[in-house]
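Here is the structure we will look at.
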Amino acid sequence: MPEVSARPRRGRPGHDQQAVLRVAIDLFIRQGYDATSMGDLAAELGLSKAALYHHVPGKERLLELALDEALGGLTALVARATDDGAEGTAYARLRQVVEDGVRLLVAHQPAVTLLLRVHGNTEVERAALERRRWVDARLAALVREAAAEGAVRDDLAPDVVSRLLFGMVNSLVEWYDAAGPVDPGELARAVAAVAFEGLVSPPAGRAR
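Each number in my numbering corresponds to the 1-based position in the sequence shown with 5 added.
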C-alpha cells in the first residue's frame with residue numbers, strides 16, 4: 006500500500022500511516038465519508054488539524070488508500086484466475102476465487118465494508134466502482150466458461166450468477182466476527198459448499 010507519509014511525526018508515537026488509515030476507515034463507516042471532516046478525524050486521533058495534515062493531504066487520499074486496500078487483492082486474484090493461460094478448469098478457478106475472496110474479505114473487513122457503502126459521489130469512489138464492474142465482468146466470463154464445461158448450470162445468466170456469488174461473500178461484512186468461533190478457512194469452505202453444492206445432503210457414499 007502506498008505510504009501516506011515517509012515516517013510518523015516525531016513526538017507523536019502511534020500516529021503512523023496505518024494508524025491514521027485504520028481510524029479513518031472506522032470513522033468513515035460510522036459517520037459516512039461525506040459527513041466526516043478532517044477535523045473529526047483529527048479529534049478522533051487526538052491530533053491538531055495541522056498535525057494531521059502532516060500525515061495526509063486530505064480525506065480523499067485516505068478514502069483512496071482504503072478502497073485500494075479493499076480492491077487490490079481481489080482484482081489481482083480475479084486477474085490470475087481469468088487471464089489467458091490460467092491453469093485448471095474454469096469451475097475449479099471459479100470456486101477458488103470464491104474461497105480466496107472470503108479470506109481476503111476477512112483480512113480486510115473494515116476496508117471492504119467501506120467499499121460496499123460508497124455511492125460514486127467522488128472521483129475516487131467512481132474509480133473504485135469501475136474496478137468493481139471489471140471484477141463482475143471477469144467473473145461472469147468465468148461462470149460462462151464453467152457452464153460451457155458442463156460443470157455448472159447454463160440456464161442462468163452468467164452476470165447474475167457472478168453477482169449472486171459475490172453478493173453472498175460480501176454479505177459477510179454484516180455479521181462475521183473474526184474473533185468468533187468460525188475461522189476464515191472454515192468460513193471460506195462453507196460459503197463455497199453452499200454456493201456450488203447447496204444444502205441438500207449428498208447421496209450415501211458420495212464424498213462431500
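Every residue gets a Cβ at the ideal spot worked out from N, C-alpha and C, and that includes glycine.
- Message: Measuring only the C-alpha atoms, how far is R27 from L50?
- Response: 10 Å
- Query: When you compare only the Cα positions, how much space is there between L3 and V111?
  - Reply: Limits of the chain in this structure are 6 at one end and 213 at the other, which puts residue 3 out of reach.
- Message: Short of 6 Å in beta carbon distance, which residues of its chain neighbour D159, apart from the five on each side in sequence? Order them along the chain.
- Response: A152
- Rounded to a whole number of angstroms, what is the C-alpha to C-alpha distance between A97 and A91? 11 Å
- Query: Between the C-alpha atoms of A183 and L82, what's the straight-line distance to the nearest angstrom?
  - Reply: 22 Å
- Message: Among V148, A198, E154, W180, whose alpha-carbon lies nearest the alpha-carbon of T118?
- Response: W180
- For F201 versus V140, is the C-beta spacing smaller than 9 Å? no
- Extent of the continuous alpha helix (DSSP H) run through H105: First, the residue type needs correcting, since residue 105 is Asp and not His in the sequence shown. 95 to 112 is the extent of the alpha helix (DSSP H) around D105.
- Query: DSSP three-state call for P163: helix, strand or coil?
  - Reply: helix
- Identify which residue in A116, A75, L99 has its Cα closest to the Cα of L147. L99
- Task: Using the Cα positions of H124 and F33, report the straight-line distance between them to the nearest angstrom.
- Result: 13 Å
- Message: In this structure, how does DSSP classify A184 when only helix, strand and coil are distinguished?
- Response: coil
- Message: Counting C-beta neighbours from all protein chains within 10 Å, is the total for Q23 16 or more, i.e. buried, or is it exposed?
- Response: exposed
- Under 9 Å, do V107 and A197 count as touching if we go by C-beta distance? yes
- In chain order, what residues of the same chain have a beta carbon less than 6 Å from the beta carbon of A95, not counting five sequence neighbours either side? L147, E150, A151, E154
- Query: Secondary structure at D214, three-state DSSP: helix, strand or coil?
  - Reply: There is simply no residue 214 to check, as the chain begins at 6 and stops at 213 in what is shown.
- Could you tell me which of L57, S53, L67, V157 sits nearest to Y38, measuring between CA atoms? L67
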